[in-house]
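Engineer:
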Amino acid sequence: MGVIDPVFAEKENTGKISASAVVIPAYDEDGRIAWELRASEVTSVGEDRYLAQDPVLEILSPDQTSNLAESDQGVFNLAERKAEGETRMTLKGSGFEAEGEGWSFEERDRAKKHRFTFEENTRIAFEHPFSELLAGLPPAPPNPLLPPTQSSKKKKQENTNPFPSIAYAERFEVISLKDGGHQFLLEGNVSVTTENASIFCESAEIQLSKGSDGDGEVSGIHATGSVNLKQLGRECWADQLMWDANDSKVSLLGNARVMDDEWGEATGEKILLEKGKGRAQVIGGSQGRS
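Quick note: the sequence shown, position 226, residue 234 per my numbering, numbers continuous.
1. Over the uninterrupted beta strand (DSSP E) stretch that includes L86, give me the two end residues.
2. Taking the straight line between their C-alpha atoms, what separation do you get for L281 and S259?
3. Going by the DSSP bridge assignment, what does N197 pair with across the sheet?
4. Below 8 angstroms between beta carbons: does that hold for E78 and Q61?
5. Would you list the residues sitting across from V226 in a DSSP beta bridge?
6. Please classify N204 as buried or exposed, where buried requires at least 16 other C-beta atoms within 10 Å of its C-beta.
7. Taking the alpha carbon of F134 as the reference point, which residue from H122, K121, P172 has its own alpha carbon closest?
8. Going along the chain, which residues of its own chain have a beta-carbon closer than 7 angstroms to the beta-carbon of P149, five neighbours each way excluded?
9. Can you pull the DSSP bridge partners for V258?
10. Looking at the secondary structure, which residues open and close the beta strand (DSSP E) in which T98 lies?
11. Could you give the DSSP three-state label for F126: helix, strand or coil?
12. Grab the span of the beta strand (DSSP E) containing N5 for me, first residue to last.
13. Using a threshold of 8 angstroms, state whether the C-beta atoms of G82 and E92 are closer than that.
14. Determine which residues share a DSSP beta bridge with N236 and list them.
15. For G110, tell me which candidate among E243, F104, E128 has the shortest Cα-Cα distance.
16. Less than 6 angstroms between C-beta atoms, sequence neighbours within five positions excluded: which residues of the same chain meet that for F208?
17. What residue does the beta strand (DSSP E) around F104 start on, and which one ends it?
18. Considering only residues of the same chain and omitting the five flanking positions on each side of G101, which have a CB-CB separation below 6 angstroms?
19. For the beta strand (DSSP E) containing A29, name the first residue and the last one.
20. For G54, report the span of its beta strand (DSSP E) as first-last.
21. I need the boundaries of the beta strand (DSSP E) containing S69, first residue and last residue.
22. Between K90, E37, I132, F126, which lies nearest to T202 when the distance is taken from Cα to Cα?
23. Rounding to the nearest angstrom, what Cα-Cα distance links A87 and G262 in this structure?
24. Which of helix, strand or coil does DSSP assign to F138?
25. Note down the Cα distance separating A253 from G228, rounded to an integer number of angstroms.
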């Protein structure tokens, strides 16, 4: 494969520049490869704009980890370092796999390196089963809302679902951060389902950080708008839900209500779900048995 260059690429009868088996690298300010586009064929469709067939976009982070994006077709603006396409794209990174249609890509500033946006038929799968950290309820049988087990190179043992946590939304953005982590911004009919917990809301922000083994792990969730958290033996409602993996509690904020099979009902402006105890602490409100 070669590197496309407008000077050396062949011209079709239409005057458009075209090349096959193409590799196009892009460099950062330190002269290192920031990302690399590979395609079976590239045709110019305007100034610095190229239609790529079977594009594979590999994005490299300073820590040497990479994201790999694949689609059937896309238009790339090399000068502005942007791209877009209508066909389905799959984006794979450490600890996650995202996909959707109506996608776009742009290179960002130093703090937030790259951004992918998916507008239709979206899905994000996470390798991290973070439900046991989510207020610490005991493990439950497999969630029927999750898809059947899929194959993965990162399987740690046989018969283990490589993606135990799944998120859906009308649209979402994936922002790759300089430290190797990722930020996911989901909008519209959001659902986040893991092994023994499901969150439904209008929008959500999910943080994915590098774990101790170097793989991506869900480290935080901020859900807003008609939030509904369902767990084994308990259901919660609130205007907002906040969870940090470093903390031991889930915070329910605004019109919060908890219905627990064992402890009863609790309502308040703020309710804390305590990890490991399965109890709800009401701050400013009323409670039943808690």
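C-beta: ideal position from N, C-alpha, C; glycine also.
Structural biologist: In short:
1. Neither: L86 is in no beta strand (DSSP E) and is coded neither H nor E.
2. 7 angstroms
3. Looking at the DSSP assignment, N197 forms no beta bridge with any residue, so it has no partner.
4. no
5. L216
6. buried
7. P172
8. Reliability of the predicted coordinates at P149 is poor, the pLDDT of 47 falling under 50, and the value obtained from them is presented with this limitation in mind. Result list for P149: empty, nothing under 7 angstroms.
9. W251, L281
10. 97 to 101
11. strand
12. Nothing about residue 5 can be reported from this structure: the residues present for the chain run from 9 to 298 only.
13. yes
14. F208, W245
15. E128
16. S199, N236
17. 104 to 115
18. N75
19. 25 to 35
20. 41 to 54
21. It is not in any beta strand (DSSP E) - S69 carries neither H nor E in the DSSP assignment.
22. I132
23. 46 angstroms
24. helix
25. 6 angstroms
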